[in-house]
Each structure stands twice: as structure tokens, then as C-alpha cells.
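Oh and the first sequence: position 254 is 254 in full-length UniProt numbering, straight run, nothing missing.
Glycine residues also receive a C-beta, built at the ideal position from the N, C-alpha and C atoms.
Given the structure is predicted, the values throughout are model-derived calculations rather than measurements.
What follows is a single structure, written as C-alpha cells, with notes after it.
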Amino acid sequence: MGSEAGTEPPRRVTIRDVAARAGVSKGAVSLTFNDRPGVSRATRDRIFAAARELGWSPHLSARSLSSSRVDTVGLAIARPARTLGLEPWSMEFVSGIESVLVERSCSLLLRLVRDVREEIAVQEAWWRGRQIGGSILADLRDGDHAVRYLVALGHRRIARVGGAPGLGHTTIRKAAFEAAIREAGPGGGRTVATDFSGEEGARATRALLASADRPTSATGPRWRTASSRSWTRRPPAPIRPPPRRSLRGAARPRRVGASRDARWPRPEPRPVNDGPNHDP
DNA sequence: CAACTTATTCCATCTGCCTC
DNA sequence: GAGGCAGATGGAATAAGTTG
């Protein structure tokens, strides 16, 4: 498309423009917008004012480039589009994920696929293309894949926020989880029982975080239970979320896999299921 | 020591230069 | 002209250095 003579497209406002407007360096702008110390209150106010005037906010791609972090989580669901809205758990599942991601200024990349094989292929393609910094793996046929994956990421203390003891499916999942933990080797896992409610999940998770040997990752029977707020919302001091953590949740009756922090060493793509897309 | 600047780094893509 | 290579580019984060 040709441009008319003398009408250049407007140039994108960058951190450099904000720095120039505020009369500081790019570094000071970066420190300010990342809420890091080293910039006075007055200078921060000046930088925020300059950014407002210019309508600037951090460029996500550039941020990903420098920090090796992608603030997008991928979710591929093997479900026909027309039935998705008819399944209450699906909508609750997605909305639960969103409620957590929004608090962390993260985005959800959602795609509907035909089957588990395609789901895994899509996730791996996203991952290879660095389109996502974390994955939510749904529809795995057997739950210990997720635990294996967490172990592959480097997690050695994995907790499971489970349902009420005595229920059949709770017992089965607990046994599967413990078997996978044993197989993974030294480190160990713990299961905390809840009544499946978000409040109970939050309480249990908070208790895990407060413990001396707090887990580096957690799994749960439902996304809202596993992730429920306490992992993502800043907990009361001095408890802080583990700097590197993975969340996993499962919405009945399916199992859900792992998400990961992009700052972790990137493991080689590994077979989760048999599929056409595996590297040798 | 707080407040700030500078230099380096990230990595896919593009451009320019050189050789065959 | 084709192919290969080196260097520049984009925007932001951050470690290290500087200033008062």
C-alpha cells in the first residue's frame, strides 16, 4: 500500500520517547514501570505523567524478547466449538483460569481442537514458537503425565490439593498421584484434603505456602482449587508464592496438565502421548 | 547510599557486502 | 545471480557503574 507524499505513518511511542519526555534514562523508566527500587517518588510521578501524555505502555513482544518471558498461557481443548458453551464445567474452567491470569496481567491463548493428539501438537507448536510461556494440558489420559512433566521442569516438592477423603475418585487420584511421585524419585509429594470449594482450596494452598518445606508446584482436582487465588494473589506477609511454580488443576472428570514459568530452563519437548509431532 | 545512567543482553529478521 | 556470512535492528530488562 503506497503512502501519500509527506504523510508518514505515526511512529510507535517507545520507552525512549517516555524517557526523553520525563528527562530521564530508559533505565529509569524501566525501573519505574517494573516497580523496582532506585527511582525517587518525584521522578516516578514524572515518568508516569510522561507515559500518560504519550499513551505509552510496555511493548509485550519487546518485553518477552529481553526477559525471555511470555505472559501468555496456552490452552487447547478437544471439544467441538458448538458444545463448549453447553458444558458448565468448561465455562467455569476457562473463567477460573482467566480470573487468575487477569490478576497477573497474563493472557490466555485458547484453541479448540479435535482430539488429544491435536491438542498436544498445538501446545508443542506454541511452545516451540515461544507464543506461550506456560501450558495447561487438558484431557491427558492418565494423570501421572502431569506429575512427570512437573518433575521434568525441575520440581521436586509437588503438592496436591485434593478432595474430601473417602470419596472413590478422590482415593483413586490420590493413589495415582502418590504412585507418580514415588516413580519420580526423591523429593516427595503431599496431599491436602479439601471439600472442593474455592475457599477451602485457597485455605489449603495458603497453608502449604506457609510450611517450611513449601511445594514448588501444586496440582488440584479443579482449577479454582489448585490455583485458587492464594497462588497468584500476593499472600499476607511474610508468605510469598514460590518464585518458580507450576499450577495444575483438573476439572472433573478430566485431568489437566501443567503450566510453567517461562523463566525455567526450557525442557526438550517430550512425548506426553503418542503423536505425529515428536522430535527424535 | 540513594538515585540515576550506561552498556549489555535477548533473538528473529532484514540488509548489505563479499565470493563463486 | 545465487549463496553465505556479518552486522544492524527492534524495545525492553537488568547488572554494573557513576554521581552527589
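- May I ask you to report which of helix, strand or coil DSSP gives R114? coil
- Item | 8 Å contact criterion, which S30 and T72 should meet: CB distance rounded | So it is not a contact: roughly 21 Å between Cβ atoms.
- Continuous beta strand (DSSP E) stretch holding residue 281: start and end: Since the first and last residues shown for the chain are 1 and 280, residue 281 lies out of range.
- Using a Cβ-Cβ cut-off of 6 Å (strictly less than) and excluding sequence neighbours within five positions of G74, which residues of its own chain qualify? L109, Q123, W126, I132 and S135
- Item | According to DSSP, residues forming a beta bridge with S107 | T72
- Query: Is the Cβ-Cβ distance between A62 and A22 less than 8 Å?
  - Reply: no
- Query: For G55, does the three-state DSSP call read helix, strand or coil?
  - Reply: coil
- Message: Distance check for R41 and I15, CA to CA, integer angstroms please.
- Response: 19 Å
- For F177 and A76, the rounded distance between their alpha carbons: 23 Å
- Please report the Cβ distance between V24 and L54, rounded to the nearest whole angstrom; I am assuming they are in contact, meaning their Cβ atoms lie under 8 Å. Rounded, the Cβ-Cβ distance is 14 Å, inconsistent with contact.
- Query: Measuring CB to CB, does L84 end up less than 8 Å from L112?
  - Reply: yes
- Message: What would DSSP say about T171, mapped onto helix, strand or coil?
- Response: helix
- Message: Here's the rule: buried if 16 or more other CB atoms are within 10 angstroms of the residue's CB, otherwise exposed. What is T171?
- Response: exposed
- Item | Nearest-angstrom Cα separation, counted from G166 out to S64 | 46 Å
- For G38, three-class secondary structure by DSSP: coil
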